[in-house]
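Let me begin by presenting the structure, written as structure tokens, before commenting on it.
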Amino acid sequence: MIDRSPKQVALLAAVILAILPLSTSIGVHFWKGIDFGLHTYFIVFAVAFALSYFVVLYFIEKFIYNKIKIIYKTIHRFKSGQDEKKNLNMGEDVLEKVNKDVMSWAENRIREIRDLQEKDSFRKEFVGNLSHELKTPIFSIQGYILTLLEGALEDPENNRKFLLKAAKSVDRITALLEDLDQITKIESGNLKLNKSRFDIVELTREVLESLEHKARKSDISLKINQPGQPPIMVSGDRPKIAQVLTNLVVNSINYGNEGGNTKIRFYDMDENILVEVADNGLGMSEEHLPRIFERFYRVDKSRSRNVGGSGLGLAIVKHIVEAHNQSINVRSTEGAGSTFSFTLEKA
Ligand code: ADP
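Going left to right, the sequence shown walks through residues 10 to 356 as the working numbering numbers them.
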């Protein structure tokens with residue numbers, strides 16, 4: 010069947026209905042021999058046509074409106090508080106429009122449900138990972154305390170050793186909570202960037218200095234590749250970019266080889282500056298690279314835990330860089346080393 014608009018249906022019905030009085034008057038004319046005159050036939054037809062048109066249209070409108078009112082009420086409750094009567098244009102195929110509106114409403118609901126399901130599985134995975142991360146240090150603290158209580162407290166050779174180990178586990182929990190706090194703030198949209206103009210070379214020097222002690226313990230040298238590197242002014246949130254550099258350099262130490270080195274290089278790329286943190290440490294095989302920026306993803310779980318990693322460092326780095334509308338990349342070869350590079354806007 011051809012889909013017609015209510016106005017077209019009313020027009021058709023009005024033509025049919027107007028023919029009835031017209032044919033009656035013509036019938037009377039021939040049967041009874043009364044001549045009403047041509048203009049009378051025209052008036053009869055016009056009046057009957059107009060009346061039928063408006064009455065039919067009125068009833069169609071009322072009928073359709075009553076039928077679809079409930080549908081619109083349901084979908085508009087979720088959509089907007091519009092007056093659905095105003096939205097109905099009787100000159101178009103109303104049922105087709107209702108159909109389209111309901112379909113798009115249904116598609117939106119399906120998308121929302123899918124989003125909620127994704128968020129839910131994401132949340133479950135996150136809570137699962139988190140409890141797993143917390144379990145390890147808490148169990149070891151529990152173990153040390155029990156050992157101390159069961160007699161090691163009186164053993165002057167070991168009591169301090171156990172307490173130091175317990176303190177190390179507490180440090181791990183603290184670091185994990187700090188990273189968690191940060192990532193939660195970032196992901197809940199509370200990461201406010203406080204942008205300023207600063208020298209990235211100077212900031213890198215400060216970060217390297219603060220990590221010098223840690224690097225020395227692993228006999229790793231930290232340096233800016235070009236010794237007399239002139240200042241490079243960039244625009245960004247200085248403390249947050251310091252955090253990015255810190256996390257990358259800490260990783261280069263944690264996953265570096267004894268006697269290795271970490272080099273920071275800067276490249277001018279027209280509007281941006283590319284900062285590279287390269288190490289000659291353990292490296293990673295290709296298959297891990299797409300996933301290392303995910304939270305709690307680790308290539309070597311035991312090494313990461315031994316070096317006190319929370320598994321959140323690179324996720325934080327990525328969030329911060331992306332909040333600056335910049336990008337981060339990684340190249341790595343297993344056994345040869347890794348190079349992390351991110352861009353910054355030139356000031
Ligand atoms: P973690 O706290 O475990 O270091 P990150 O998010 O900082 O968490 O890093 C994720 C994983 O990526 C690490 O567990 C490690 O396996 C790998 N990784 C990160 N940086 C390096 C690097 N410079 N060299 C080799 N592997 C690295």
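Just so it is clear, CB atoms sit at the ideal spot from N, CA and C, and this is done for glycine as well. Since this is a predicted model, take the numbers as computed values, not measurements.
In the DSSP assignment, residue 353 falls within the unbroken beta strand (DSSP E) covering 346 to 355.
Residue 287 holds the alpha-carbon nearest to the alpha-carbon of residue 341 among 205, 287 and 30. Note: residue 276 is bridge-paired with 283 in the DSSP secondary-structure output. Annotation for residue 232: 217, 270, 271, 272 and 273 place their beta carbon closer than 8 angstroms to its own, counting only its chain and skipping 5 residues before and after.
Residue 133 has its alpha-carbon roughly 15 angstroms from the corresponding atom of residue 123. Per DSSP, reduced to three states, the secondary structure at residue 208 is strand.
Apart from the 5 residues on each side of it in sequence, residue 43 sits with its Cβ closer than 7 angstroms to the Cβ of 37 in its chain, given in chain order.
Within its own chain, the residues whose Cβ lies closer than 6 angstroms to the Cβ of residue 54, once the five positions on either side in sequence are excluded, are 27 and 31, listed in chain order. In the structure shown, the three-state DSSP call for residue 225 is helix.
In the pairwise beta carbon analysis, the stretch 254 to 265 is classified as touching the stretch 282 to 298: at least three pairs are separated by under 8 angstroms. Secondary-structure assignment with DSSP links residue 231 through a beta bridge to 271. In the DSSP assignment, residue 242 falls outside any alpha helix (DSSP H) and lies within the beta strand (DSSP E) extending over 242 to 245. Under the DSSP definition of a beta bridge, residue 341 partners with 347. Rounded to whole angstroms, the gap between the alpha carbons of residue 297 and residue 212 is 30 angstroms. Taking a contact to require three or more Cβ pairs closer than 8 angstroms, the stretch 342 to 352 and the stretch 178 to 196 do not qualify as touching. Under the three-state reduction of DSSP output, residue 288 falls in the strand class. Assignment of residue 201 by DSSP, reduced to helix, strand and coil, places it in the coil class. The stretch 146 to 164 makes no contact with the stretch 191 to 202: fewer than 3 CB pairs, one atom from each, lie closer than 8 angstroms. Nearest to residue 148 by C-alpha distance, out of 175, 299, 169 and 164, is 175. With a cut-off of 7 angstroms, the C-beta of residue 308 is classified as near the ligand ADP, since at least one heavy atom of the ligand falls inside that distance. In the DSSP annotation of this structure, the continuous segment of the alpha helix (DSSP H) that includes residue 112 starts and ends at 103 to 158.
The stretch 186 to 193 makes no contact with the stretch 221 to 239: fewer than 3 CB pairs, one atom from each, lie closer than 8 angstroms.
Non-local beta-carbon contacts of residue 338 in its own chain, meaning distances under 6 angstroms to residues more than five positions away in sequence, involve 350 in chain order. Here DSSP, grouped into helix, strand and coil, assigns residue 301 to coil. DSSP places residue 266 in the coil class of the three-state scheme, outside both helix and strand. DSSP, reduced to helix, strand and coil, places residue 316 outside both helices and strands of the structure shown, so it counts as coil. The C-alpha of residue 236 lies about 22 angstroms from the C-alpha of residue 265. Approximately 44 angstroms separates the beta-carbon atoms of residue 129 and residue 14; this is outside 8 angstroms, ruling out the contact. In the structure shown, residue 43 adopts coil according to DSSP, grouped into three states.
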